[in-house]
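Participant: The structure that follows is given in the form of structure tokens.
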Amino acid sequence: MTTKETSLKQCIEELSAKNTDYKFPEQAINQAESLKSLSSDLYTDNIRFIYELIQNADDSQARYITLKILEDKYFIIAHDGKAFDEKDLQGICGVNHGTKKKDLDKTGYKGLGFKAVFGKSDKVMIYSNGEYFRFDSSYQIKWNKQWGTDDQQTWEKENDREFIYPWQINPVWTNDNDIPSLVKEFFSQKKNQIRVVYAILLNNVEEINSALNQLKQQPHMFLFLRNICRMTFLTQPNDTISIARDFSHGLKKVHVNNKIDSQWIIKHFELDIPDDILEKLSEDTKAPEKLRFIKKAEMFFAAKYKVPVHNENGELISGGIEKLHEQDSVLFSYLPTKIFEYKFPVLINANFLTNVNREQIHTDSIWNQWLFDKISGEIFQWIKELVKDNKFRFQAYRLIPSKLNPENNILTKRFNDSYSRSIKDCNFIRNRKNQLLR
Numbered sequence: 146m147t148t149k150e151t152s153l154k155q156c157i158e159e160l161s162a163k164n165t166d167y168k169f170p171e172q173a174i175n176q177a178e179s180l181k182s183l184s185s186d187l188y189t190d191n192i193r194f195i196y197e198l199i200q201n202a203d204d205s206q207a208r209y210i211t212l213k214i215l216e217d218k219y220f221i222i223a224h225d226g227k228a229f230d231e232k233d234l235q236g237i238c239g240v241n242h243g244t245k246k247k248d249l250d251k252t253g254y255k256g257l258g259f260k261a262v263f264g265k266s267d268k269v270m271i272y273s274n275g276e277y278f279r280f281d282s283s284y285q286i287k288w289n290k291q292w293g294t295d296d297q298q299t300w301e302k303e304n305d306r307e308f309i310y311p312w313q314i315n316p317v318w319t320n321d322n323d324i325p326s327l328v329k330e331f332f333s334q335k336k337n338q339i340r341v342v343y344a345i346l347l348n349n350v351e352e353i354n355s356a357l358n359q360l361k362q363q364p365h366m367f368l369f370l371r372n373i374c375r376m377t378f379l380t381q382p383n384d385t386i387s388i389a390r391d392f393s394h395g396l397k398k399v400h401v402n403n404k405i406d407s408q409w410i411i412k413h414f415e416l417d418i419p420d421d422i423l424e425k426l427s428e429d430t431k432a433p434e435k436l437r438f439i440k441k442a443e444m445f446f447a448a449k450y451k452v453p454v455h456n457e458n459g460e461l462i463s464g465g466i467e468k469l470h471e472q473d474s475v476l477f478s479y480l481p482t483k484i485f486e487y488k489f490p491v492l493i494n495a496n497f498l499t500n501v502n503r504e505q506i507h508t509d510s511i512w513n514q515w516l517f518d519k520i521s522g523e524i525f526q527w528i529k530e531l532v533k534d535n536k537f538r539f540q541a542y543r544l545i546p547s548k549l550n551p552e553n554n555i556l557t558k559r560f561n562d563s564y565s566r567s568i569k570d571c572n573f574i575r576n577r578k579n580q581l582l583r
């Protein structure tokens, strides 16, 4: 249990008082309507909604996460990461007030991700370190008689308008006996393994069930999570996805139920950011605060790899490094985006700036343009590194990219211009004398 000194109860009650204190009832209604629209529009794709909750767990340094539909009512996400503190609580009770805005080791930065929950549910219960609180659309706040009437019903009748308040930012302290027994039973069974649980009363169970099943079909989509290494889906059937690192050649193995589903060679780059880009970033209103003062950027490539099959003469028949099929080429920003139009031979992960639902990349962003300028050069440098290893000597050339289409996209143009330089300047061709030539 949380000790009295670290209890969140006082913080929850103070936030509730602040976030329900309006001078006029119309102010509450306007904010409530804005939050309602925000939550509904954030993630119409159910998989995106789940990704955001997984990202929150990953940013909390969770290693293990459990996902479950409970009694066809509640969507449960439980993890062993950091429990809520006062700053975390303030973050989820605000808009653009998250705790990740300046933290380079966390993926989120918009302060909006948790609000996606309220597009799928009208009641969310949270367990953290032995305590409970909730966000509940049916919770009745105390009517303020200074609003001109003695009660809500009279005000609604006089104004011919329904009163609603922004329950999505009003945390409600919740006692143990107010938690549904089936949810409480799950908590008690897992209390030694978890520190945080979200119990989300779903408006539509079937669509979330379907999304979970889709996620299980693409386990490699979790390759670039910073911390989570095992995800357990307590669904029908139960499945466990785990990601193990083999430090030879940076190989990552994605397992489903202890069987290898796919293997990937991961390459991590640290890129020095030029002063002129830093100066432009400081003036770019679309750039998150955490990017405005950094000196280095990280980028990851993932090349698909299958165990090689050789004939009796030792010649490779199949397997080894494989170029991605075009339909599998998607950009990652630690979790997958919905950006498929850039056909790269490898998966590419970086802090790309996208719109809030990760469906579009900001082509006018100085940051994204610089990242695209760096991609081709780093791919050729990686090929150069791989061909030095006899294991990959010939396979590495499968990763040679092609120019992108169409050219009317500024990101495509930046990549193609860099490509033209890199293929001429990089000595990535290994001859029979083991020399590297341009």
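Residue numbers (the numbering used here): 146 to 583.
C-beta: ideal position from N, C-alpha, C; glycine also.
None of these values were measured; they are calculated from a predicted model.
Which parts of the region 491 to 552 are runs of the alpha helix (DSSP H), unbroken and 4 residues or longer, counting only runs that do not cross its ends?
Facilitator: The region 491 to 552 contains these whole alpha helix (DSSP H) runs: 511 to 532.
Participant: Would you identify the three-state DSSP class for TRP288, choosing helix, strand or coil?
Facilitator: Residue state, collapsed to three classes: coil.
Participant: With a CB to CB cut of under 7 Å and the five nearest residues on each side skipped, what residues in its chain are close to PRO453?
Facilitator: The residues are LEU461, GLY464 and GLY465.
Participant: Near ASN372, which residues of its chain fall below 7 Å by C-beta distance, leaving aside the five closest residues on each side in sequence?
Facilitator: Within the same chain, ASN372 has close Cβ partners ASP203, GLN206, ALA207 and ARG208.
Participant: Report whether the distance from the Cβ of VAL240 to the nearest heavy atom of the ligand SAH is below 7 Å.
Facilitator: Inclusion of the ligand SAH in the displayed structure is not the case, the ligand content being empty and no account of it being possible.
Participant: Output yes or no for whether 8 Å exceeds the beta carbon distance between ARG538 and ARG575.
Facilitator: It is a contact, given that the beta carbons lie within the stated cut-off.
Participant: For the alpha helix (DSSP H) that contains ALA447, what are its first and last residues?
Facilitator: Note, ALA447: premise wrong, no alpha helix (DSSP H); beta strand (DSSP E) at 441 to 455.
Participant: What residue from PHE573, LYS181, TRP300 and ARG279 has the CA that sits closest to PHE169's CA?
Facilitator: Residue TRP300 is the option with its Cα nearest to PHE169.
Participant: How is the alpha helix (DSSP H) around PHE331 delimited, first residue to last?
Facilitator: Segment 326 to 335, the alpha helix (DSSP H) holding PHE331.
Participant: Rank ASP406, LYS440 and ILE405 by C-alpha distance to the C-alpha of ASP421 and give the top, closest one.
Facilitator: The residue with the shortest Cα to Cα distance from ASP421 is LYS440.
Participant: Starting from VAL317, follow its DSSP beta bridges and name the residues at the other end.
Facilitator: In DSSP, VAL317 forms a bridge with ARG279.
Participant: Out of ASN175, ASN383 and SER563, state which residue places its alpha-carbon closest to the alpha-carbon of PHE308.
Facilitator: If we check each option's Cα against that of PHE308, ASN175 comes out closest.
Participant: Could you tell me which residues DSSP pairs with PHE378 in its beta bridges?
Facilitator: In the DSSP output, where bridge partners are listed per residue, PHE378 has LEU212 and ASP384.
Participant: Any idea which residues DSSP pairs SER273 with across the strands?
Facilitator: Looking at the DSSP assignment, SER273 forms a beta bridge with GLU276 and VAL341.
Participant: Beta strand (DSSP E) containing ILE373: first to last residue?
Facilitator: No beta strand (DSSP E) contains ILE373, which DSSP labels as neither H nor E.
Participant: Buried or exposed: where does SER266 fall if 16 or more other Cβ atoms within 10 Å of its Cβ makes it buried?
Facilitator: So SER266 ends up on the buried side.
Participant: From which residue to which residue does the alpha helix (DSSP H) around LYS578 run?
Facilitator: Note, LYS578: premise wrong, no alpha helix (DSSP H); not H, not E.
Participant: Count the other CB atoms, across all protein chains shown, that sit within 10 Å of the CB of ILE411; report buried if there are 16 or more and exposed otherwise.
Facilitator: ILE411 comes out buried.
Participant: Which residues in the same chain have their Cβ closer than 7 Å to the Cβ of ILE324, if we skip the five residues on either side of it in sequence?
Facilitator: Closer than 7 Å at the Cβ level, and outside the excluded window around ILE324, lie MET270 and TYR277.
Participant: Counting Cβ pairs closer than 8 Å, one from the region 397 to 410 and one from the region 361 to 368, do we hit at least three?
Facilitator: Touching, yes.
Participant: For GLN359, write down the residues that DSSP places opposite it in a beta bridge.
Facilitator: Answer is none; GLN359 lacks a bridge partner.
Participant: CB LEU416 to CB ALA442, shorter than 8 Å?
Facilitator: Cβ atoms of LEU416 and ALA442: closer than 8 Å.
Participant: In whole angstroms, what separates the C-alpha of HIS470 from that of LYS488?
Facilitator: Whole-angstrom Cα-Cα distance: 9 Å.
Participant: Going along the chain, which residues of its own chain have a beta-carbon closer than 6 Å to the beta-carbon of THR557, five neighbours each way excluded?
Facilitator: Cβ neighbours of THR557 beyond the five flanking positions: LEU549.
Participant: Taking the alpha-carbon positions, what's the GLN540 to ILE484 distance?
Facilitator: Each residue's Cα considered, the two are about 27 Å apart.
Participant: Secondary structure at PRO481, three-state DSSP: helix, strand or coil?
Facilitator: Strand.
Participant: With which residues is LYS488 paired in a DSSP beta bridge?
Facilitator: Answer is none; LYS488 lacks a bridge partner.
Participant: Nearest CA to the CA of TYR106: which residue from LYS425, HIS400 and GLU352?
Facilitator: A question about residue 106 goes unanswered here, because the residues of the chain that appear run from 146 up to 583.
Participant: SER463 lies in the beta strand (DSSP E); which residues open and close that run?
Facilitator: Per DSSP, SER463 belongs to the beta strand (DSSP E) from 461 to 467.
Participant: Would you give the residue range spanned by the beta strand (DSSP E) that TRP312 belongs to?
Facilitator: Unbroken run through TRP312: none, as it is neither H nor E.
Participant: How many angstroms separate the CA atom of LYS335 from the CA atom of ASN348?
Facilitator: Cα to Cα, the separation comes out at about 25 Å.
Participant: So what does GLN408 bridge to, in DSSP terms?
Facilitator: Answer is LYS398 and TYR450, bridged to GLN408.
Participant: Give the range of the alpha helix (DSSP H) segment to which ALA162 is assigned.
Facilitator: From DSSP, the alpha helix (DSSP H) with ALA162 extends over 154 to 163.
Participant: Using only CA atoms, which one of CYS571, LYS533, ILE545 and SER567 lies nearest to ARG577?
Facilitator: Selected option, being the one with the closest Cα: LYS533.
Participant: How big is the Cα-Cα spacing for LEU498 and ILE524?
Facilitator: Each residue's Cα considered, the two are about 21 Å apart.
Participant: Please say whether SER184 and GLN317 have beta carbons closer to each other than 8 Å?
Facilitator: Going by the sequence as given, residue 317 is Val instead of Gln. Against a cut-off of 8 Å, the Cβ pair of SER184 and VAL317 comes out as no contact.
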